[in-house]
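Quick note: the sequence shown, position 666, residue 666 per the UniProt record's numbering, numbers continuous.
Contents: one structure, followed by commentary.
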Amino acid sequence: MIGIVAVSHSARLGEAALELALQMVPGGGVRVDVAAGAGVDADGTPVLGTDAVAVATAIDAVAADCDGVLVLMDLGSAVLSAELALELRASDVPVRLAPAPFVEGLLAAVVAAAAGADLDAVAAEASGALAAKSGQLGEADDVAAGAGAGTADAGAGGADTGGADVGEASEDAVVRRVTVRNPLGIHARPAALIAEAAAGADVRLRRLPDGIEASAASLTRLLALGARRGTDFELIGRGPGAAEAVERLAALFDDGFGEGTEEARGEATESVRPTPGGGAAAADTGAPVAIEPGAVLRGRGVSPGRVAGPVVHVAPPLPEPDAGTVIPPDQRDAEVSAIEWAAVAVADQLRSRTAQATGEARAILDASRLLASDPELVSEATALVRTKGRTAARAVWETAAAHEQALVALGGRMAERAADIRDVRDRIIAEILRVDMPGVPDREEPFVLVATDLSPADTATLDGGHCIALVTEQGGPTSHTAIIARSLGLPAVVGLSGALEIAEGTAVLVDGERGTVTVEPGEAEVASARAASTVVRFDGRGRLGDGHRVPLLANVGGAADATTAASAHAEGVGLFRTEFCFLNRVEAPTIDEQVAAYRGVLAAFPGRKVVVRTLDAGSDKPLPFANADEEDNPALGVRGLRIARRNPALLDDQLRALARAADAESAEVEVMAPMVATVDEAAGFAERCRAAGLDRVGIMIETPAAALLAAELFAVVDFVSLGTNDLAQYTMAADRLLSDLGELNDPWQPAVLRLIGLVGAAGRAAGKPVGVCGEAGGDAALAPVLVGLGVTSLSMTPRSLGRVAAALDAVTSEECRRAADAARGAATAVAAREAAARVLSETGER
1 MIGIVAVSHS ARLGEAALEL ALQMVPGGGV RVDVAAGAGV DADGTPVLGT
51 DAVAVATAID AVAADCDGVL VLMDLGSAVL SAELALELRA SDVPVRLAPA
101 PFVEGLLAAV VAAAAGADLD AVAAEASGAL AAKSGQLGEA DDVAAGAGAG
151 TADAGAGGAD TGGADVGEAS EDAVVRRVTV RNPLGIHARP AALIAEAAAG
201 ADVRLRRLPD GIEASAASLT RLLALGARRG TDFELIGRGP GAAEAVERLA
251 ALFDDGFGEG TEEARGEATE SVRPTPGGGA AAADTGAPVA IEPGAVLRGR
301 GVSPGRVAGP VVHVAPPLPE PDAGTVIPPD QRDAEVSAIE WAAVAVADQL
351 RSRTAQATGE ARAILDASRL LASDPELVSE ATALVRTKGR TAARAVWETA
401 AAHEQALVAL GGRMAERAAD IRDVRDRIIA EILRVDMPGV PDREEPFVLV
451 ATDLSPADTA TLDGGHCIAL VTEQGGPTSH TAIIARSLGL PAVVGLSGAL
501 EIAEGTAVLV DGERGTVTVE PGEAEVASAR AASTVVRFDG RGRLGDGHRV
551 PLLANVGGAA DATTAASAHA EGVGLFRTEF CFLNRVEAPT IDEQVAAYRG
601 VLAAFPGRKV VVRTLDAGSD KPLPFANADE EDNPALGVRG LRIARRNPAL
651 LDDQLRALAR AADAESAEVE VMAPMVATVD EAAGFAERCR AAGLDRVGIM
701 IETPAAALLA AELFAVVDFV SLGTNDLAQY TMAADRLLSD LGELNDPWQP
751 AVLRLIGLVG AAGRAAGKPV GVCGEAGGDA ALAPVLVGLG VTSLSMTPRS
801 LGRVAAALDA VTSEECRRAA DAARGAATAV AAREAAARVL SETGER
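Below, the structure written as structure tokens:
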């Protein structure tokens with residue numbers, strides 16, 4: 001067995017990194033010790049630093065039970081202390097100091113050691129963890145190459161091919177075909193489970209159809225495979241214990257690595273659809289499928305709105321250039337020049353598009369321009385031409401594939417950036433080959449754009465065109481497709497398996513809030529969507545027919561959204577979702593970076609109210625620096641204000657940044673916390689805000705507990721805002737991301753309306769404001785009911801302002817109260833909606 005010693009300046013960091021690593025090997029079987037910190041001071045406070053004697057003691061303690069010891073260090077003097085510890089130690093087992101990233105290296109080393117790898121292999125696995133990070137950060141080739149070389153022979157199962165193509169398994173091999181079934185693919189935890197299950201046996205995974213192989217014992221190689229849900233593999237086992245190991249691995253794949261599968265999540269009807277003959281054809285059989293009229297397909301809603309229109313597919317990507325052509329040496333200079341000139345031309349094209357774009361689209365296009373100008377991408381591609389005789393197009397393809405694989409291996413948000421690499425690749429190759437660039441077709445009529453994924457450059461050009469909604473098979477809530485769709489106000493659904501099976505020209509109804517696409521919807525559904533998508537101008541003053549004021553505010557996620565909202569005459573901002581300033585990062589932004597982001601929003605509303613929600617990470621919006629890697633039930637876990645329990649500095653830094661931004665701008669800043677359930681939480685948040693210099697403090701009412709305690713909460717805060725999306729989810733115990741439970745996640749549910757009524761009554765008694773910033777705030781039919789329940793302001797997407805204003809202008813305060821009483825007295829959501837409509841229609845007739 002190989003033991004591991006982790007050397008860190010911080011005892012907390014060392015223990016946290018160890019806790020994370022040990023979660024990868026729940027079965028144990030590895031000896032790890034942490035030598036961290038330099039003791040404590042007189043007050044018992046841990047002192048940062050390293051102690052060579054403590055490191056030597058840890059090495060000796062681990063060496064007593066092990067055949068070798070690997071030492072990982074965080075930085076600076078930790079390396080010096082580890083080197084000195086080698087002189088001070090009493091044991092004589094082999095010890096290796098690993099130049100590996102501390103957290104990722106520790107994780108990889110623990111998994112390799114638990115699988116029974118020797119010291120060289122464990123060290124190689126730890127060093128290999130640097131390769132993915134180096135690729136992401138654009139480090140020099142020799143760094144990434146060195147790390148990659150270190151993993152070439154990693155794992156107990158034998159030498160790794162490093163991604164080379166291989167032939168068929170030999171006759172004496174045990175072979176099983178499996179499919180990745182869990183939603184997130186092979187990320188760190190499934191990779192660790194694979195390595196653990198394969199321990200002691202020679203098993204390899206061969207990805208189909210491209211033949212890339214990895215040892216099942218190598219965590220880093222498994223991650224580099226970039227396997228998503230639906231990826232097929234061959235498990236190839238040889239030698240003693242191989243058959244049993246292959247069976248264990250096959251069971252892991254079938255079970256979705258304990259994370260569930262499409263079927264287990266109740267999505268079988270979406271991935272297996274009825275055929276004309278009445279049977280069922282699985283999506284991976286290749287058999288033609290027919291989607292029946294009225295079928296509701298589910299993905300992930302990332303930009304709200306409901307629209308209907310015909311499907312148009314994005315033009316397919318360029319075919320893969322031939323790998324067999326070898327350019328003679330005397331012609332390679334011309335191929336190199338073709339790459340260099342094509343990269344310059346593409347960068348110029350993207351620069352031109354950037355100049356015409358605004359807001360987040362501009363920033364994303366500029367990032368693509370920089371990628372096309374990346375000297376590493378060009379130099380790597382030209383090196384392939386000069387050394388291996390690749391054609392210019394093939395060299396760009398292979399270089400881009402390596403960069404893309406590095407991103408995919410990181411998983412999560414980083415994997416979503418792979419679309420950017422493919423986009424720039426296709427643009428450069430199209431320029432080299434002098435062919436048309438694939439992308440968004442030009443149409444004269446409104447259409448719903450359907451694609452595998454959308455490049456940032458294409459998505460950013462949709463503004464002002466005839467595209468009315470986006471549907472993609474890939475992508476997530478932080479992909480460029482999602483970000484730009486929100487900034488353009490286009491309804492969008494991403495991650496919709498089988499989206500490309502919807503035939504071009506088919507009418508669909510896209511619901512960007514619920515994440516659903518209805519195929520061939522009925523006339524009534526289409527009419528409803530068209531009415532909802534009609535933009536009604538707002539004059540900037542929300543009021544009832546009797547003159548009672550109801551401010552209509554906007555929900556925004558950044559400066560570009562705020563500018564759009566101000567142009568739509570929103571009276572202020574009722575919800576500034578600050579988490580969008582934190583996305584696409586592996587660490588929290590600095591206070592200065594936050595100040596700049598917040599000022600961009602505040603500047604759009606001088607002298608007007610801007611309600612800022614502090615970081616709402618977790619559940620469906622996890623952030624790597626704020627949330628744990630995995631929770632059994634993240635919707636009920638550490639999210640919103642609860643993050644401050646683990647990381648109080650994250651909240652305190654945000655409050656300081658908000659206070660500085662408020663001082664620099666003239667907007668009337670109010671701050672509220674999400675996910676509050678107790679009076680103590682609200683009081684503690686209010687105290688921290690006021691200590692930071694923020695005077696107007698509120699909370700989100702998203703839990704039934706907070707709604708029931710509204711009267712007591714008003715004693716410690718200045719206002720509340722109802723997050724109706726989560727309030728419905730928690731009241732009805734129904735995941736709001738599941739379309740199968742859509743009828744439960746309806747703000748018209750009487751239970752939800754009654755809780756809103758309790759909050760409204762408490763607000764009236766306290767004389768304090770009650771806002772609504774959930775999607776219900778933009779529902780024109782529900783708005784009068786909410787006002788009747790005691791809501792004093794409504795916040796929504798800017799496109800809904802005029803429609804809601806018109807609905808409120810047609811009723812009086814008394815009529816709103818009567819409609820509210822009728823709705824909350826009903827027994828079902830349908831009855832509530834009908835009861836309110838009946839009251840308001842009678843009013844209109846009079």
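Heads up, the beta-carbon is just placed ideally off N, CA and C, and yes, glycines get one too.
The structure presented is a predicted model; accordingly, all values stated were derived computationally and were not measured.
Among the candidates the options, whose CA atom is the shortest distance from the CA of residue i?
| i | options | result |
| --- | --- | --- |
| Ala54 | Ala559, Val71, Asp65 and Ala124 | Val71 |
| Ala823 | Ser813, Gly788, Leu808 and Ala807 | Gly788 |
| Thr516 | Val307, Arg577 and Asp65 | Val307 |
| Val93 | Cys66, Val811 and Arg204 | Cys66 |
| Met700 | Phe719, His313, Glu687 and Cys689 | Phe719 |
| Leu84 | Phe605, Val7, Leu722 and Ala117 | Val7 |
| Ile59 | Leu75, Val79, Ser91 and Gly723 | Ser91 |
| Val312 | Glu501, Ala734 and Val103 | Glu501 |
| Ala201 | Ser215, Arg207 and Pro190 | Ser215 |
| Asp120 | Val103, Ala531, Arg96 and Ser352 | Arg96 |
| Glu380 | Gly305, Lys388, Thr399 and Arg394 | Thr399 |
| Ala242 | Phe253, Val174 and Arg228 | Val174 |
| Thr797 | Leu708, Gly607, Glu702 and Ala565 | Ala565 |
Assign residue i to one of three DSSP states: helix, strand, or coil.
| i | result |
| --- | --- |
| Thr703 | coil |
| Ile502 | coil |
| Asp511 | strand |
| Thr472 | strand |
| Asp33 | strand |
| Phe102 | helix |
| Cys467 | strand |
| Val378 | helix |
| Ala617 | coil |
| Met675 | coil |
| Asp333 | helix |
| Gly299 | coil |
| Ile432 | helix |
Within a Cβ cutoff of 7 Å, which residues of the same chain sit near residue i, ignoring the five residues on either side of it in sequence?
| i | result |
| --- | --- |
| Arg537 | Gly802 |
| Ala338 | Ala392 and Ile432 |
| Ala657 | Ile591, Gln594, Val595 and Tyr598 |
| Ala342 | Ile428, Glu431 and Ile432 |
| Gly14 | Ala6, Ser8, Val34 and Ala36 |
Please classify residue i as buried or exposed, where buried requires at least 16 neighbouring CB atoms within 10 angstroms.
| i | result |
| --- | --- |
| Gly522 | exposed |
| Lys609 | buried |
| Val326 | exposed |
| Asp160 | Reliability fails at Asp160, whose pLDDT of 39 lies under 50, so the model's placement of it is uncertain and no value is given. |
| Ala64 | exposed |
| Gln749 | buried |
Please list, in chain order, all residues of the same chain as residue i whose beta carbon is under 6 Å from its beta carbon, the five residues on each side excluded.
| i | result |
| --- | --- |
| Ala659 | Ala692, Gly693 and Leu694 |
| Cys816 | Pro784, Val787 and Gly788 |
| Thr518 | Val296 and Leu509 |
| Ala597 | Cys581 |
| Ala250 | Arg176 and Val178 |
So, residue i versus residue j, is the Cβ gap smaller than 8 Å?
| i | j | result |
| --- | --- | --- |
| His466 | Ser813 | no |
| Ala554 | Arg599 | no |
| Ala35 | Leu48 | no |
| Ala819 | Ala836 | yes |
| Phe685 | Lys768 | no |
| Thr481 | Leu496 | no |
| Arg639 | Glu670 | no |
| Pro304 | Pro491 | yes |
| Val717 | Gly698 | yes |
| Arg248 | Ala323 | no |
| Leu615 | Leu794 | no |
| Phe257 | Asn182 | yes |
Go through its chain and collect everything with a Cβ distance to residue i's Cβ below 8 Å, but skip five positions before and after it.
| i | result |
| --- | --- |
| Ala807 | Ala780, Ala781, Ala783 and Pro784 |
| Ala126 | Leu70, Leu72, Ala98, Ala100, Gly105, Leu106, Ala108, Ala109 and Ala112 |
| Ala559 | Gly359, Ala597, Gly600, Val601, Ala603 and Ala604 |
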